[in-house]
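As structure tokens, the structure follows; a few thoughts come after it.
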Amino acid sequence: MSAIAVKKRKVRLPAVLLNTFFILLSLCYILPMLLVIATSLTSEDAILTAGFHIFPVEFSLEAYRTVFHNPSTIIRAYGVTFFTATASTALGLVITGLSAYPLSRSNFRFKKIFITSYLLSMLFGGSMIPTYIIYSKYYHLNNTIWVYIVPAMCASGYSVFMFRTFFRSIPESLFEAAKLDGAKELYIFFKIVIPLSTAIFATVGFQGFVGGWNNYQTALIYIRDSKLYTLQYLLNRILNENEFLKSLQTGQSDLSPIAQEDIKKAAPTESLKFAMCVVAAGPMICIFPFFQKYFSKGMVVGSVKG
Numbered sequence: 001m002s003a004i005a006v007k008k009r010k011v012r013l014p015a016v017l018l019n020t021f022f023i024l025l026s027l028c029y030i031l032p033m034l035l036v037i038a039t040s041l042t043s044e045d046a047i048l049t050a051g052f053h054i055f056p057v058e059f060s061l062e063a064y065r066t067v068f069h070n071p072s073t074i075i076r077a078y079g080v081t082f083f084t085a086t087a088s089t090a091l092g093l094v095i096t097g098l099s100a101y102p103l104s105r106s107n108f109r110f111k112k113i114f115i116t117s118y119l120l121s122m123l124f125g126g127s128m129i130p131t132y133i134i135y136s137k138y139y140h141l142n143n144t145i146w147v148y149i150v151p152a153m154c155a156s157g158y159s160v161f162m163f164r165t166f167f168r169s170i171p172e173s174l175f176e177a178a179k180l181d182g183a184k185e186l187y188i189f190f191k192i193v194i195p196l197s198t199a200i201f202a203t204v205g206f207q208g209f210v211g212g213w214n215n216y217q218t219a220l221i222y223i224r225d226s227k228l229y230t231l232q233y234l235l236n237r238i239l240n241e242n243e244f245l246k247s248l249q250t251g252q253s254d255l256s257p258i259a260q261e262d263i264k265k266a267a268p269t270e271s272l273k274f275a276m277c278v279v280a281a282g283p284m285i286c287i288f289p290f291f292q293k294y295f296s297k298g299m300v301v302g303s304v305k306g
């Protein structure tokens, strides 16, 4: 009986150590998030005097009041960002999947040519000025919502090769059985390949959605209409405006004490940065758990009719 107890302790000890290690590792990821949230809820003076803490030192919502000073603008930016990220991701997944599917088939005649083209596009990307000329002068996408969607629809070489590798793992007997039943290639792709490739579609789709959500450069280069600003670009403008107000406080000593105090209250720069992190990353943190289960699915689930 004692031998069994010793054996159980030997088996249990590595598990306890492993669980302890992962708990400590989880804290390494959770503590920075708590620090960001706590700092965003701390007053500007407390941050400058007491520094950063995991819990708010002097509770204040001034940073969030600054971010949501004009609620309609923030809500519109949320809507533009969500719509463009969703539309570009959905269309991009369809185009990428359709591009990768023939490359995964052994009987595709021009496979080597297209694979070489995708490899070259990964090695030599287009520069900013030619891209701007093409999108604004020839495609007329400048200052339109389509400038967020159309470029993101183009299948990237990295995503194409990820899809191609996953499609090649699907049993060949499924395609043979479908062709014997008279199925065409498009029918096979939409009815067989896509249902068996949920994991790769979710993984690449989430990556594309995060890229669209964090898109800042497109609005900076192509957009002049404030109604088409994305969330990231709008938050950056708010931060720049508040930093400008803060510079007025330090750069002009001839201002009255009342004016300096008003500028100081209107320009919480440190807490504002962390509040913007919460506003920008909050939706992604809420969405990620729904996609996490697909990331671990690397095995094709299906059956072959005998």
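Quick note: the sequence shown uses UniProt numbering, first residue 1, plus one each step. All C-beta atoms, glycine included, are put in the ideal place defined by N, C-alpha and C. No experiment lies behind these values; they were computed from the predicted model shown.
- In this chain, the alpha helix (DSSP H) harbouring residue 160 covers 157-168.
- Contact between the stretch 68-76 and the stretch 176-192 is absent, with fewer than three C-beta pairs closer than 8 Å.
- In the three-state scheme derived from DSSP, where H, G and I count as helix and E and B as strand, residue 81 is classed as helix.
- Annotation for residue 35: 52 and 54 place their beta carbon closer than 7 Å to its own, counting only its chain and skipping 5 residues before and after.
- Of 225, 209 and 270, the smallest CA-CA separation from residue 284 is found for 209.
- As computed with DSSP, residue 59 is found in a beta bridge with 42.
- Contact check for residue 145 against residue 80 passes: the beta carbons are separated by less than 9 Å.
- Of the other Cβ atoms in all chains shown, fewer than 16 fall within 10 Å of the Cβ of residue 244; this residue is therefore exposed.
- A contact between stretches requires three or more CB pairs, one per stretch, nearer than 8 Å, and the stretch 57-65 meets this requirement with the stretch 269-276.
- In this structure, residue 287 lies away from residue 201, with their beta-carbon atoms at least 9 Å apart.
- In the three-state reduction of the DSSP assignment, residue 49 falls in the helix class.
- The three-state reading of DSSP puts residue 141 in coil, since its state is none of H, G, I, E or B.
- Burial is judged here by how many other beta carbons sit within 10 angstroms of a residue's own beta carbon; residue 50 has fewer than 16 and is exposed.
- Under the three-state reduction of DSSP, residue 236 is assigned to helix.
- Relative to residue 88, the option among 213, 229, 237 and 233 whose CA is nearest is 213.
- The beta carbons of residue 279 and residue 235 sit closer together than 9 Å.
- Scanning its chain for C-beta atoms nearer than 8 Å, with the 5 sequence neighbours on each side dropped, one finds around residue 115 the residues 103, in chain order.
- Around the C-beta of residue 241, fewer than 16 other C-beta atoms lie within 10 Å, and the residue is accordingly described as exposed.
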